[in-house]
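The numbering of the sequence shown is the numbering used here, which starts it at 451 and goes up by one. All residues carry an ideal CB built from backbone N, CA and C; glycine is no exception. Structure record follows, encoded as structure tokens.
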Amino acid sequence: MIQLDAFVRDFARGLELADAKAPVSKKWQPGIGPHDEQDVVRLVMEEVVELKPGEYQPFVREQKYPESKNTCDLCFGQGQDFEWAMEVKALRMLGDRGVVPGRKKWLPSVWVPPILSMIPPQSRIW
């Protein structure tokens, strides 16, 4: 059974390890920051699986929600019976050129989204 606190620690460590490899996305600066969310999840989970083999497997990225075109970023479990379904949010304080992306003013209380949001197990979506 996956424990949330352990996963958050391991995901954070995977993020550090992925960033340390300085991956390049398009023409932007090296590092994890400029990648889109799907690539961030892929790069981080590659590190997490190497860090803790078997602990977070099986998992699926970009799992389609039933009767929807939307996808869930990261699901743990087999088939459609997932133990955890997670939406991962990339928090970018500054864009690649050192400016706040898409904002003229930075309002931390409004702008900062949740980093990791969980769908409680009671809310069966599959």
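8 Å contact criterion, which residue i and residue j should meet: CB distance rounded
{"i": "F509", "j": "C522", "result": "So it is not a contact: roughly 11 Å between Cβ atoms."}
{"i": "E517", "j": "I452", "result": "In fact, because the Cβ distance is near 26 Å, the residues do not count as touching under 8 Å."}
Beta carbon of residue i nearer than 9 Å to that of residue j
{"i": "V538", "j": "V498", "result": "no"}
{"i": "D469", "j": "G483", "result": "yes"}
{"i": "L638", "j": "P480", "result": "Residue 638 lies beyond the residue range present for the chain, which begins at 451 and ends at 576; the question has no answer from this structure."}
{"i": "D486", "j": "A540", "result": "yes"}
{"i": "S475", "j": "D455", "result": "no"}
Extent of the continuous beta strand (DSSP E) run through residue i
{"i": "V474", "result": "No beta strand (DSSP E) contains V474, which DSSP labels as neither H nor E."}
{"i": "Q528", "result": "521-528"}
{"i": "M536", "result": "531-538"}
{"i": "Q513", "result": "509-514"}
Residue i: first and last residue of the uninterrupted alpha helix (DSSP H) it sits in
{"i": "Q488", "result": "487-501"}
### Message
Whether or not the segment 465-483 and the segment 506-513 are in contact is what I'm after, with contact meaning three or more pairs of Cβ atoms, one per stretch, closer than 8 Å; do they touch?
### Response
Counting C-beta pairs with one atom in each stretch, the segment 506-513 and the segment 465-483 have fewer than three that are closer than 8 Å, which means they do not touch.
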